[in-house]
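> Per full-length UniProt numbering, the sequence shown runs over residues 2 to 171.
Where a beta carbon is used, it is the ideal one built from N, C-alpha and C, also for glycine.
Before anything else, here's the structure in question.
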Amino acid sequence: TTEPPIPDPALVVLVGASGSGKSTWAQARYRAQEIVSSDDLRGVVGSGRHDLDATDDAFDLLDRIVAARAGRGLTVVVDTLGLDGARRRSYLAQARAAGLPAVAVLVDTSADVCRARNTARDRPVPAPALAGQLRKAGQVGAELDGEGWDLVVTVRSDDGVRSAAAPVVS
Ligand code: CTP
Ligand code: MG
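Next comes the structure, spelled out in C-alpha cells:
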C-alpha cells in the first residue's frame, strides 16, 4: 500500500500511543533537523529522554522550534504523543499563521502491538500510563476529523498503511 502524498513544506503532527511507531515513521521520511521530538528535548534540558520533570522545559523549547521553523516556511514534524487536544490546536494555529499545510499523521497501531513493543523496550512506559494513552488513541481519530486539519493520514505500522485524506481547506 502506498501512503498519500504529504505536502512539503508542511507542519506535520504525529499522533499515537507510545510504541505505535511515530518516531520510526518520521525518521524514515524526514531529515533529522525537520523532526522536533519532546523525548529528545527532555534529554537536552533534563537528565535524559525519560526525565518527566523536564517536560515543561522540553515543551517550551519544542514550541519555540516549531514557531521558528514554521515562521520560515520550513517543514517541521512534531514528534510527541499528539494525544492532547489543546496542544494539537496550538500547532494547527501555528501552521495557519505561517500559511503552511497542517497535517496530522495518526499512527494507528493495535494496542497489543504497542504493549508488546513497550515491554521489549529499555525503559517501558508504566502499564497504567500506556493504558491511558491507548484509551485516548482509540478516540483521537474522531477528534482529528473535527479539528480542521488540511490532511489527516492514518498509518498502521503493524500491517501496512491505511489512509484517509480530508479535503484541503484554506
Ligand atoms: N517498531 C517496529 N516496527 C515498526 C515501528 C516501530 O518494530 N514498524 C519498533 C521500534 O524499533 C521501537 C518500537 O517499535 O523499538 C517503538 O517505535 P517508535 O517509533 O519508537 O514508537 P513511538 O511511537 O515513537 O514511541 P514513543 O511515543 O515512546 O516515542
Ligand atoms: Mg517516539
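(1) Could I get the ranges of all uninterrupted beta strand (DSSP E) runs contained in the segment 56-104, with 3 residues as the minimum, in chain order?
(2) Output needed for ARG124: all residues of its chain with C-beta closer than 6 Å, excluding positions within five of it in sequence on either side, in chain order.
(3) Hey, does GLU144 have any beta-carbon neighbour from chain C nearer than 9 Å?
(4) How many Å lie between ASP64 and GLY17 at the Cα?
(5) Using the three-state DSSP reduction, which class does VAL126 fall into: helix, strand or coil?
(6) State the Cα-Cα distance for the pair ARG89 and GLY83, rounded to the nearest angstrom.
(7) Please determine, among ALA103, ALA99 and LEU12, the residue with the shortest C-alpha to C-alpha distance to ASP146.
(8) Based on the DSSP secondary-structure assignment, which residues constitute the bridge partners of LEU12?
(9) Measuring alpha carbon to alpha carbon, tell me which residue in VAL37, PRO129, THR155 and ALA138 is nearest ASP61.
(10) Using the rule of at least 16 other Cβ atoms within 10 Å of the residue's Cβ for burial, across every protein chain shown, is VAL45 buried or exposed?
(11) The ligand CTP and VAL126: does the residue's C-beta get closer than 8 Å to at least one heavy atom of that ligand?
(12) According to DSSP, is SER111 helix, strand or coil?
(13) Contact check, GLN95 vs VAL67 under 8 Å by CB: the rounded distance?
(14) Let me know the secondary structure DSSP gives SER171 once reduced to three states.
(15) Cβ of ASP80 within 8 Å of any heavy atom in the ligand MG?
(16) In chain order, what residues of the same chain lie with their CB nearer than 7 Å to the CB of LYS137, ignoring the 5 residues before and after it?
(17) Please go through the same chain and pick out, in chain order, the residues whose beta-carbon is closer than 7 Å to the beta-carbon of THR110, but skip the five residues on each side of it.
Concretely, from the data shown:
(1) 77-80
(2) Numbered from its first residue, the sequence shown carries residue 124 at position 123. Here the set comprises HIS51.
(3) Here there is only one protein chain, and chain C is not present.
(4) Reading the sequence shown from its first residue, position 63 is the one you call residue 64. Reading the sequence shown from its first residue, position 16 is the one you call residue 17. Their Cα atoms are separated by approximately 19 Å.
(5) Position 125 of the sequence shown holds residue 126. Looking at VAL126 - three-state DSSP - the assignment turns out to be coil, as it is neither helix nor strand.
(6) Locating residue 89 in the sequence shown gives position 88, where the first residue counts as 1. Locating residue 83 in the sequence shown gives position 82, where the first residue counts as 1. Cα to Cα, the separation comes out at about 6 Å.
(7) Start at 1 with the first residue of the sequence shown, and residue 146 comes out as number 145. It is ALA103.
(8) In the sequence shown, counting from the first residue as 1, residue 12 sits at position 11. Answer is VAL77 and ALA103, bridged to LEU12.
(9) Residue numbering aside, residue 61 sits at position 60 when the sequence shown is read from its first letter. Nearest C-alpha to ASP61: VAL37.
(10) Residue 45 sits at position 44 when you count from the first residue of the sequence shown. VAL45 should be labelled exposed.
(11) Looking up residue 126 in the sequence shown gives position 125. Yes; taking the cut-off as 8 Å, the Cβ of VAL126 has a heavy atom of the ligand CTP nearer than that.
(12) Translated into the one-based positions of the sequence shown, residue 111 becomes position 110. DSSP places SER111 in coil when its eight states are reduced to three.
(13) The count along the sequence shown starts at 1 and reaches residue 95 at position 94. The count along the sequence shown starts at 1 and reaches residue 67 at position 66. Right, their Cβ atoms sit about 6 Å apart.
(14) For the purposes of this step, residue 171 is taken as the residue at position 170 of the sequence shown. Summary for SER171: the model assigns pLDDT 45, below 50, so the residue's position carries little reliability, and this model does not support an answer.
(15) In the sequence shown, counting from the first residue as 1, residue 80 sits at position 79. True, at least one ligand heavy atom lies under 8 Å from that Cβ.
(16) Reading the sequence shown from its first residue, position 136 is the one you call residue 137. Closer than 7 Å at the Cβ level, and outside the excluded window around LYS137, lie LEU84.
(17) Position 109 of the sequence shown holds residue 110. Counting only Cβ-Cβ distances below 7 Å, and skipping sequence neighbours, we find GLY17, SER21, GLY22, ARG157, SER158 and ASP159.
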